[in-house]
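**Student:** Chain order of the listed sequences is F and X. What the first sequence shows, in the UniProt record's numbering, is residues 1 to 547, in sequence order. What the second sequence shows, in the UniProt record's numbering, is residues 1 to 399, in sequence order. Note that CB positions come from ideal geometry on N, CA and C, so glycine has one too. For clarity, every value in this text was computed on a predicted model and none was experimentally measured. Dumping the structure here so I can ask a few things about it.
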Amino acid sequence: MELKEIKCPHCGHVNSPGTQLCQSCGLMINEDYDKKKIKDVMRYDGSAVRSKVKSQSIFDKIWIFFTSIRNGVIIIALIALAAAIGTILPQQYFIPIGVDPEVYYADNYGTFGYLYYKLGFHNLYSSWWFVLLNAMLALSIIAASVDRGVPLYKSLKNQRAKKHPSFFRRQRLTLNSDEITKENIDKIVEGLKSKRYKVTEDGPHLLFEKGRLSRWGPYINHTGLIIVLIGSMLRFFPGMYIDEIVYVPEGETVEIPTTDNKYYVKNEKFILDTYDKGSGSVFDKSLAMQGDLASNYQTNIIFYENLSSDVVGSEPDLKEIDKDEIRVNHPYKFDNYELYQSSFDNSSMKSMTFKLVDSNDKQIGEEFTVDLKDPDSDYSIDDKTDIQLRAFAPDFLEIGKKGELLSQSPVPRNPAFIFQVNNETLETPEISLLQIQNTDEITPNNEFKVKFVSMENEIATVLTLKKDLTMHMIGIGFIIFLLGVFIGSYINHRRIWINKEKGLSIAAHTNKNYYGLKKELNSVLNEHGVDSVNDKDEVEHNDRMKG
Amino acid sequence: MQHTFLQISNTSIFIAFILLLIALVPLALSIRSKHEERNAKIAVVIVVIAFILELVYFAFRWAATGHAPVSNLFEFIAMFSIMLIAGYLITYAYYKTKVFGLFAIPISLILLGYGSIFSTDVAPLIPALQSNWLFIHVTTVTLSYGILSMSAVAGFIYLLKIIPAEEKSIRARMLEFLMWNIVVVFAFIISISVMRGVGYQNDFLYVDQSGNNAIAEYHLPSLINYNGAQAVDHVGENNYEPADHFNLGISLPPIIKAHSLNTVVWSVILGTVLYGILRLIFRRRLYSVVKPLAKNADLSLMDDIGYRSVIIGYPLFALGGLFFAAIWAQEAWSRFWGWDPKETWAFITFMFYTIFLHLRLNRGYEGEKSAWLAVIGFLIILFNMIAINLIVAGLHSYA
């Protein structure tokens, strides 16, 4: 097909190439167009939809690919299918932390798991091809919207009341009558006007229109989706998204990361409540069936601002700003950040308490407690005896070459101590190595012995620090999407054309709910003694039933 | 007081169940008999009463526990079942479609029966669920499910009417396959309920995925079991002693939930046997047996209902299942979207109905094609609601 402008043989209006119905009078001027017949010529008011115009240029081919609803649907289906595959096995972020995923998937799920891992399905939702599919969807939405939206906009903006008789015949609802008096025609026109239609008059030609907004519903909702898709891409820009763990042992104050040393938070107290069993409530039966059920995780915090944050290298000068209780579902908010109760940790040790006994297992002096994070080096347990901590390893690995204790990590998980006991009765101090469940004498034949009494665990709250500036954009995009769906679904764009040159000719179109339009139109017509309109579809439908 | 509330609540839903069952009789009569108007009226009145009782169940269970009763699998499925009735009543109010109830009510009953397989005890809320969003999110989602299901019911009736009883075609086989599925689900619920009712329980000790000892409760004889499973009996507290239970001997590694699979296999076997018996009794395809019910259905009306339920249910689902869900997820889990299996399947459901609308509005998928899509949509909803909870343990594993 040549790309030529088409001059309407009836009214002389010059239409852009590919136009189907003359944009002025509505005559069919382009029979070649869309031989397969998409459902409704009127969908885009017969205007020139770029993708439906045949062309050889590469740009046009790409354009046509993305404007196609069929291809759009295929992209949506592929995304849904990929998403489903991602739920067959747990994604990487659900498997235990620190495990090699290749080994994990192969060990737990066999060959299938290995393939799943190798194909990248263990991180499916952030894989390049999943992101690419979403980008293609965005492209498809934009292309399809521009392709159809622009001509539709032009076409609806420049509507004329006067339409060619063939345009009338083309509509689904029509009426032709010669027997109506002029007076009655005027009454019908008035009746329609009272139904809140906007009227355009051109001599004997009238156009009634309402609910045009409905036609923009799809474009509005797709705009919303584009905003959502752009919003979800923004996360990859620095500063838009922060996700950190803030680990605060009870009683301690820590700097809040990513705030440039400006804010500090203190964990005053961590609270873990469980439901009371056997309290006589309706829950007793189900509570009895299981272990303790948590009813509350809570961290009481004090929130500080560091007044000397802009002085490099200075000691923090903390000013209390706020006190709060962070619970699940009740994060603490400051600036654009939120602090969430995520979990807690009571696995690390805080302190160990020991006692000294003599060869008769009799305790000497008082017990003493070693703080595992910041141990003292001297413990005086009575007037005559004191104990020195000669060496300490919080996470004992082995004894070094020089006899020092080597630690795997600074976290007190497996502490080891070298104690030296000084007592007036002793000629030389006694030295021994203490580990969990084990004591080695370093000096021979010790009289005194350091014994483990008890241990106190440290309880720390684990908070999640979040800043997500993309959230609002995504939220607004989604609201626009919903609005667009409502507008497109629940408003009807109704148009009625009337030609009262000879008798009365009526044609009516709506983008949805012909039933409602028919009812409205007929109520006006019947009121003035005119027959109901003809419905092409109903006639066809009845024919089908008979046939 | 709370105990009384709970009793009232439990009694209400039980009576509602019975009433819905009873309502099917006048409803069925209204399809053919002379007094069709009167029968239809009686049926609808009964359904309305049952629905009110279901609301009583809801309100009193809430009063008894202090939280909206949508916090575990039973309560969630019950809510869906109630919303199906709501969907039916809304459809009836608009379209006066009697035949609809003959399909919507049994689905609702089957769901309620299925839900009762799980623990119906009230339980207090874990911290993550202690939020007003629990009520808002779950009610909008179940309501949208209820409305979307109406499109599947309309689609199913459409297919029943349009596909000839003796036709030799793929679509006829597909429809009959759907009937077989329904029989299997039915057999599943009946067999589980009966076996639990008579107190059949065989415990097996096995070593689970993380190497811990675990107990599997079999309410149906064990055909498939875990590798190295030992039959045991529960003797109070945490103590078990060796016992002798039936075990066919097929064993699987613990990565597969063998006791769930065992139930599925039994359902397929029993369902197929039941299906076979029904075929022998009727001597024709099962869909042709129910086909007369759809005889008077107006095809274009069914098509219209199918479409309208989607354009109402779809934005409602987007609102409740995605938007509200995201707001709550942000508050409770500090991220609004995390590709948890349940979230992912909500996304898939949303995408599916998006495809439905595009095909229907742009590619002319009306009538039969649209009806098939509606039925598939319902299957996806069921999959998300049931299979995901049974098979995959994500953050939503409580409901």
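Write down every uninterrupted run of the alpha helix (DSSP H) in the region 477-524 of chain F whose length is 4 residues or greater and which is fully enclosed by it, in chain order.
**Tutor:** Taking only runs of at least 4 residues, no alpha helix (DSSP H) segment lies wholly in the region 477-524 of chain F.
**Student:** Is the region 315-335 of chain X touching the region 151-161 of chain X, taking contact as three or more C-beta pairs under 8 Å?
**Tutor:** The region 315-335 of chain X is not in contact with the region 151-161 of chain X.
**Student:** Is the beta carbon of R160 (chain F) sitting closer than 8 Å to the one on D202 (chain F)?
**Tutor:** Closer than 8 Å, so yes.
**Student:** Given I250 (chain X), which residues of its chain have a CB within under 8 Å of its CB, disregarding the five upstream and five downstream residues?
**Tutor:** Hits under 8 Å: L223, I224 and N225.
**Student:** Kindly indicate if chain F contains any beta-carbon less than 8 Å away from that of T11 (chain X).
**Tutor:** Chain F, which has no Cβ nearer than 8 Å to the Cβ of T11 (chain X), makes this no.
**Student:** Shortest alpha-carbon distance to G403 (chain F) belongs to which of F:F392, F:L78 and F:S68?
**Tutor:** Looking at the Cα atoms, F:F392 is the closest of the given residues.
**Student:** Between G87 (chain X) and S149 (chain X), how many whole angstroms is the CB-CB distance? I'm expecting something under 8 Å.
**Tutor:** Correct: roughly 6 Å between the Cβ atoms.
**Student:** H10 (chain F) to C25 (chain F), Cα distance in whole Å?
**Tutor:** Between H10 (chain F) and C25 (chain F), the C-alpha separation is close to 8 Å.
**Student:** Between D317 (chain F) and I301 (chain F), what straight-line distance do the alpha-carbon atoms span, to the nearest angstrom?
**Tutor:** Approximately 18 Å, taken between the alpha carbons.
**Student:** In or out: T87 (chain F) buried (at least 16 other Cβ within 10 Å) or exposed?
**Tutor:** With 16 or more other Cβ atoms within 10 Å, it is buried.
**Student:** Does K546 (chain F) get closer than 8 Å to chain X when you measure Cβ to Cβ?
**Tutor:** Because the pLDDT at K546 (chain F) is just 45, under 50, the model does not fix this residue reliably, and the value given afterwards should be weighed accordingly. Output row for K546 (chain F): interface = no.
**Student:** Which class does N296 (chain X) belong to by DSSP, given the choice of helix, strand or coil?
**Tutor:** Three-state result, N296 (chain X): coil.
**Student:** Name the DSSP bridge partner or partners of I399 (chain F)?
**Tutor:** F:L405, per the DSSP bridge assignment.
**Student:** Answer with yes or no whether the minimum CB distance from R4 (chain X) to chain F is below 8 Å.
**Tutor:** The sequence as given places Thr at residue 4 (chain X); Arg does not occur at that position. No, its Cβ sits nowhere closer than 8 Å to a Cβ of chain F.
**Student:** Under the rule that 16 or more other beta-carbon atoms within 10 Å means buried, what is F177 (chain X), buried or exposed?
**Tutor:** Exposed, because fewer than 16 other Cβ atoms sit within 10 Å of the Cβ of F177 (chain X).
**Student:** Quick one: grab the DSSP three-state call for Q230 (chain X).
**Tutor:** Q230 (chain X) falls in the strand class under three-state DSSP.
**Student:** Assuming A165 (chain X) and K291 (chain X) make a contact with CB atoms under 8 Å, what is their CB distance in whole Å?
**Tutor:** Contact flag correct, Cβ pair sits at about 6 Å.
**Student:** Nearest chain X C-beta to K35 (chain F) closer than 8 Å, yes or no?
**Tutor:** Bear in mind that a pLDDT of 49 at K35 (chain F), under 50, signals an unreliable position, so the model cannot answer this.
**Student:** Distance, Cα to Cα, R341 (chain X) vs Y125 (chain F)?
**Tutor:** It should be noted that the sequence gives Pro, not Arg, for residue 341 (chain X). Their backbone Cα atoms lie some 12 Å apart in a straight line.
**Student:** If you measure beta-carbon to beta-carbon, which residues of the region 465-499 of chain F are closer than 7 Å to chain X?
**Tutor:** Those would be K466, M471, F478, L482, V485, F486 and S489, in chain order.
**Student:** Leaving aside the five residues before and after F356 (chain X) along the sequence, list all residues of the same chain whose C-beta is less than 7 Å from its C-beta, in chain order.
**Tutor:** So the list reads V310, L373 and G377, once near-sequence residues are dropped.
**Student:** Residues of the region 278-294 of chain F in Cβ contact with chain X at a cutoff of 7 Å, in chain order, please.
**Tutor:** Cβ contacts with chain X: S281, V282, F283, K285, S286, L293 and A294.
**Student:** Anyone know if the C-beta pair for K269 (chain F) and T253 (chain F) falls short of 8 Å?
**Tutor:** No, Cβ-Cβ distance for K269 (chain F) and T253 (chain F) is not below 8 Å.
**Student:** I'd like the list of long-range same chain contacts for I13 (chain X), defined as Cβ closer than 8 Å, with 5 residues on each side in sequence excluded.
**Tutor:** The answer, listed in chain order, is L53, E54, Y57, A78 and L112.
**Student:** With burial defined as no fewer than 16 other Cβ atoms inside 10 Å of the residue's Cβ, what is the status of A288 (chain F): buried or exposed?
**Tutor:** Exposed: under 16 other Cβ atoms inside 10 Å.
**Student:** How about V150 (chain F): is its C-beta nearer than 8 Å to some C-beta of chain X?
**Tutor:** So, not an interface residue.
**Student:** When we look at the beta-carbon of L192 (chain F) and count the other beta-carbons within 10 Å, is it buried (16 or more) or exposed?
**Tutor:** Counting Cβ neighbours within 10 Å, L192 (chain F) comes out buried, since at least 16 surround it.
**Student:** Report all residues from its chain with a CB closer than 8 Å to the CB of T116 (chain F); omit the five preceding and five following residues, and keep chain order.
**Tutor:** Residue identity check: residue 116 (chain F) is Tyr in the sequence provided, not Thr. The answer, listed in chain order, is I88, L89, Y105, Y109 and H122.
**Student:** Are I348 (chain X) and A138 (chain F) close, meaning C-beta to C-beta below 8 Å?
**Tutor:** No, Cβ-Cβ distance for I348 (chain X) and A138 (chain F) is not below 8 Å.
**Student:** Have a look at L379 (chain X) and E75 (chain X) and give me their C-alpha separation to the nearest angstrom.
**Tutor:** So the two alpha carbons sit approximately 20 Å from each other.
**Student:** With D374 (chain F) and D386 (chain F) assumed to form a contact (beta carbons below 8 Å), what rounded beta-carbon distance in angstroms separates them?
**Tutor:** Their Cβ separation, rounded to whole angstroms, is 19 Å, which puts D374 (chain F) and D386 (chain F) out of contact at 8 Å.
**Student:** Mapping the DSSP letters down to three states, classify Y365 (chain X) as helix, strand or coil.
**Tutor:** Three-state result, Y365 (chain X): coil.
**Student:** Using the beta-carbon of each residue, which ones in chain F are nearer than 7 Å to P124 (chain X)?
**Tutor:** Neighbours of P124 (chain X) on chain F, chain order: Y275, F283, L293 and S295.
**Student:** For a contact defined as C-beta to C-beta under 8 Å, what are the partners of G72 (chain F) on chain X?
**Tutor:** By Cβ distance, chain X contributes H358.
**Student:** Compute the distance between the beta-carbons of G365 (chain F) and L356 (chain F), then report whether it is under 8 Å.
**Tutor:** Yes; because the gap between Cβ atoms is below 8 Å, this pair is in contact.
**Student:** Drop a sphere of 10 angstroms on the beta-carbon of E102 (chain F), count the other beta-carbons inside from all chains shown, and report buried for 16 or more, exposed for fewer.
**Tutor:** Exposed.
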